[in-house]
DNA sequence: TTGCGCGATGGTAGCGCTGCCATTATGGTT
DNA sequence: AACCATAATGGCAGCGCTACCATCGCGCAA
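Chains as they are written, first to last, in this note's numbering: chain Z, 303 to 673; chain A, 303 to 673.
1) Of all the CB atoms in chain A, is at least one closer than 8 Å to the CB of residue 576 of chain Z?
2) Can you tell me the Cα-Cα spacing of residue 397 of chain A and residue 443 of chain A, whole angstroms?
3) Hey, quick one: how far does the alpha helix (DSSP H) through residue 653 of chain Z stretch, first residue to last?
4) So what's residue 416 of chain A in DSSP terms, helix, strand or just coil?
5) State yes or no: is the beta carbon of residue 359 of chain Z nearer than 8 Å to at least one beta carbon in chain A?
6) In chain order, which continuous runs of the alpha helix (DSSP H) of length 4 or greater are located wholly inside the region 572 to 660 of chain A?
7) Do you know whose CA, among Z/362, Z/637, Z/352, Z/424, lies nearest residue 326 of chain Z's CA?
8) Could you give the first and the last residue of the continuous beta strand (DSSP E) run that contains residue 546 of chain A?
9) Considering Cα atoms alone, identify which of A/562, A/653, A/624, A/638 is closest to residue 596 of chain A.
10) For residue 399 of chain Z, count neighbouring C-beta atoms within 10 Å of its own C-beta (all shown protein chains included) and say buried if the count is 16 or more, exposed if not.
11) What separation, rounded to the nearest whole angstrom, lies between the Cα atoms of residue 324 of chain Z and residue 318 of chain Z?
12) Of all the residues that make up the region 415 to 431 of chain A, which are near chain Z by a beta-carbon distance shorter than 7 Å?
13) What's the C-alpha gap between residue 328 of chain Z and residue 420 of chain A?
14) What residues of chain Z sit near residue 583 of chain A, judged by a beta carbon separation below 9 Å?
15) So residue 564 of chain A and residue 486 of chain A are supposed to be a Cβ contact under 8 Å. How far apart are they, rounded?
16) Considering only the beta carbon of each residue, do residue 299 of chain Z and residue 341 of chain Z sit closer than 8 Å?
17) List the residues of chain A that residue 402 of chain Z touches, going by C-beta distances under 7 Å, in chain order.
18) With respect to the beta strand (DSSP E) encompassing residue 492 of chain Z, which residues constitute its N-terminal and C-terminal limits?
19) 8 Å is my cut-off, CB to CB: does residue 389 of chain Z come that close to chain A?
20) In its own chain, which residues sit with a C-beta less than 6 Å from the C-beta of residue 475 of chain A, not counting the 5 before and 5 after it?
21) What did DSSP end up calling residue 384 of chain Z once you bin it into helix, strand or coil?
22) For residue 329 of chain Z, report the span of its alpha helix (DSSP H) as first-last.
23) With a floor of 3 residues, list each beta strand (DSSP E) that falls wholly inside the region 411 to 459 of chain Z, ordered by position along the chain.
24) Report the rounded CA-to-CA distance for residue 433 of chain A versus residue 382 of chain Z, giving the unit in angstroms.
25) Any beta carbon from chain A within less than 8 Å of residue 498 of chain Z's own beta carbon?
26) Flag residue 653 of chain A as yes if its beta-carbon sits less than 8 Å from any beta-carbon of chain Z, otherwise no.
27) Reducing DSSP to helix, strand and coil, say where residue 464 of chain Z ends up.
28) Measuring CB atoms only, is the region 588 to 606 of chain Z touching the region 620 to 631 of chain Z, in the sense that at least three cross pairs come out at less than 8 Å?
29) Taking beta-carbon pairs under 7 Å, can you tell me which members of the region 360 to 387 of chain A lie near chain Z?
30) Looking at chain Z, which residues of the region 595 to 606 of chain A have a Cβ within less than 9 Å of any of its Cβ atoms?
31) Once you ignore the five residues that flank residue 401 of chain Z on each side, which residues in its own chain have a CB closer than 8 Å to its CB?
32) Quick one: using the 10 Å Cβ neighbour count with 16 as the cut-off for buried, is residue 659 of chain Z buried or exposed?
33) Excluding five sequence neighbours on each side, which residues of the same chain lie with their C-beta closer than 6 Å to the C-beta of residue 320 of chain Z?
34) Can the beta-carbon of residue 578 of chain Z be found less than 8 Å from the beta-carbon of residue 606 of chain Z?
35) Contact criterion: CB-CB distance below 8 Å. Does residue 356 of chain A meet it with respect to chain Z?
36) In this structure, does DSSP put residue 401 of chain A in helix, strand or coil?
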C-alpha cells in the first residue's frame, strides 16, 4: 500500500481550493444548488468533474447525522409478493442518492424488534416496514426513529406515521362473495399458515359466508401451527413451507375430509396452483366440479389451464408509492395522507366461472375482469 | 428539538469515562476483545450495558474507511432465482454486524457500471456480483475496490477474485443428454431472451445435440431481440417479460412452426410451466407426445401434473457460500479456492420419461433423481 | 544489574463532511 | 442618509470513531 494521503480520493476541500471557494460552498452546491449563484456553481461543477470528486457518504452521514440508506423490513425475501414490493421500492429511488438495505423479519416480531433496534442506530434516511403487527417496543422505536417511517401491505386506522396498502379483510370478502355468486356453496379455505394478513383474508371469507349463511368452520384446511406468533419458516436452503406441493396436499386433504366441497379459496396463488395440479391428477373438473381461487395474482394464474381466479394486489405499486412518500418527506414535504388505500382487483377467471352464475348485480367495489 | 448535546446517544468516550479507561480501549474491546485484558473487558462491558451504548456505524466507517455494508449486485430483484440467492446471502450474514445493500443491474452492463462506480466509493465491506459479463471498466473498478469481491451463479477460469457457481453450459448439456436418452429426437429450445448465462445453456444444448447428430438451428424458439446486449426488461409495475404466459405462447409457436417436435427444453421453469399449460389446453400429451424440461427447479415443478423435469440449481447455497467466503476473508483469511463449483442436479421427472428409454449408461455427472 | 521484547493501554490527530453563525454585498424603504 | 431585510459566501468547530505511535510495566536473557 502506498501513502494514504497522496493518492487517496479527492476531498471536498480539494475541490474548494481548485474552484477558489470555501469548502462549505462546495458542500452547498452539491446539496442545495439553488442557494449558490449560477456562476459559482459552474466553476464548482467543473472542478468536481476535473478531479473526479465523489462525496464520501460515510463522512456526510456522520456530520449530518443522517445517512442515505432506506431500511426495508420484510417478512420474507423469497416470497415473490415481497420481491415485487422491493422491486417497486427500488424503482422508486431512481435518480436519487438513496440506497436500500433489506432485512428479513421471518414473520417473527422478536427478530423484527432486534433488527429495528439495530437499524435505528444507523440513522437511516427512512424506514419501510411491512404490516401493522409490530411489537409495542418496535413501534415505539419506530416512532422515535426521527426519520420517515412508512408501513406497507396493509391498512390501519392508527399508522405509526403513514401506511400504504389495502384491506386483506375486504379482499377476502370480495373474492368469497364472487364465489358465492357463482353458485358455490361449500367453500373451503386452504392455507399453509396464517400470518396476520392471512388472518384478515380469512375474516373476510368468514364474513362473506356468514352473510350468505354458508359458513362452516370445519372447512378451514391448514397446515402447521394455528398460532399467530411463531413463524413457519422452513425456507432455509430448500423448499419453502409455502409451496405448490403443499397446495396439492392441502387439496387432497380437503377433498378427503370434505368430499362435498365445491370450491376452494387458497390463501396464496402457490397453493392454488398446487390445488389445480391435485385436481388434474384426480380428474376433478375445474370449475365444474370444483372452483379454485387464489390470492396475489402471480403471472401464472392467467396462463394456467384453466386460468385461475385470484385477487390481484398491487405489490410493485405499493413499494413504489412507499418510496414516493418517503422522498416527498425527505424533500421536506408533510404527510399528505396518513392512510393510502391502493386497493386490489378481483380477477374472475375460468376456474371460478360456472355455467350459471347468479345475477352479478352486487360485488362491484374494486373489481376487474381479466382478458 | 431539545439540545443535541445533552440527550443524544452516549458515545464511546462516555463509556470510557464511566469505565475509567481510555476511549481507544473501549474501541478495542469492541472490535478486538482478545487484545484487552479480561478484567478490563468486563468493566467496559458493564459500562456499555449501563449506558445502553451502541456504536455509531457512520463514524466507524469514516474513521476506518471501511463500512459493514456488503453490496449485492443482481440482474433482477423479482426473478425468484435471485431472491433465493439473496436469501442465502442474507442467511449467511447471521450473527455478524454486516448488512446488505441490494442493487439491480437489470442485465445491463452500463447500469451495472454505474452502480459499481457508486458503490465502490461507499467503501463497502465486500461486493457480491452476479455472473462474469462485467464490462472492462466495471471489472477494473472491482479489482481496485480494495475489498473482497465474489462473483456468483457462474464459473470462469479468470475470476476477479473468487467465483462460486456452476456451469450453465454443462447443465444445458446434461439435461439435453437426458432428453436424447429418453428417445426424443426433435428437441426445441424455448427462451424469452438470452442472457449470458442462458446462452451458456443453449451452447450445452447444442453440444449434446451435435454429438447425437440431432441439432437443428431452426428449433430455437425465442422472443424479443436475439442480441446479447440490451435487457428485455418490462417488469415495471406489471407482468414480467419472463412469464408463464410467454411460455404458453412460445409453446404454441413451436408446435405451429415445427409440428414434428417431440420435446422442448425451456430456458426457465416459468416458461416450462406455461408450456405445460399450452399442452394441456391443446390436449397434447406430456410426456407421450411431447417432453418438457425446464431450468431452475422451482418448487412447483415437482407438484405439476405431470411432474416437470428440471435442472436443480443451488441458489440458496450459492448465496450462502458467497457470504461465507466473504466473511472468511473479512476475518483475515486468504482465498482458499478461487473457483468453487457447486454443481447442479438433473431432476428427471415424468414430463420427460418415455416408456422406452435408451439404456441409461451415460449421463452420470451431477445427476440425481427426485422422488 | 542492565537491557530488551512484548503485551496492555492511552493520547493525539485526524477521517471528510456539515451545522451554526458570522460576514459581506445588494437593493429597497423610510 | 441611515437602516434593514435578504442573498451569497465563508470560518470554525465538531460529528464519533479509529490509525498510529508512544508509553508503561513486567519477565527474562545476558
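Even for Gly, the Cβ is constructed at its ideal location relative to N, Cα and C.
Concretely, from the data shown:
1) yes
2) 30 Å
3) Taken as a continuous stretch (DSSP letters only), residue 653 of chain Z belongs to no alpha helix (DSSP H), as it is neither H nor E.
4) helix
5) yes
6) 601 to 605, 617 to 632
7) Z/362
8) Where residue 546 of chain A is concerned, there is no enclosing beta strand (DSSP E), although the alpha helix (DSSP H) it sits in stretches over 546 to 559.
9) A/653
10) exposed
11) 6 Å
12) 423, 424, 425
13) 19 Å
14) 607, 608
15) 5 Å
16) Nothing about residue 299 of chain Z can be read from this structure; chain Z reaches only from 303 to 673.
17) 403, 404
18) 489 to 493
19) yes
20) 506, 509, 510
21) helix
22) 325 to 333
23) 428 to 432, 451 to 454
24) 22 Å
25) no
26) no
27) strand
28) no
29) 360, 361, 363, 364, 369, 379, 380, 382, 385, 386
30) 600, 601, 602, 603, 604, 605, 606
31) 370, 371, 372, 395
32) A caution first: residue 659 of chain Z carries a pLDDT of 47, below 50, which makes its placement in the model unreliable, though a value can still be read off. So residue 659 of chain Z counts as exposed.
33) 349
34) yes
35) yes
36) strand
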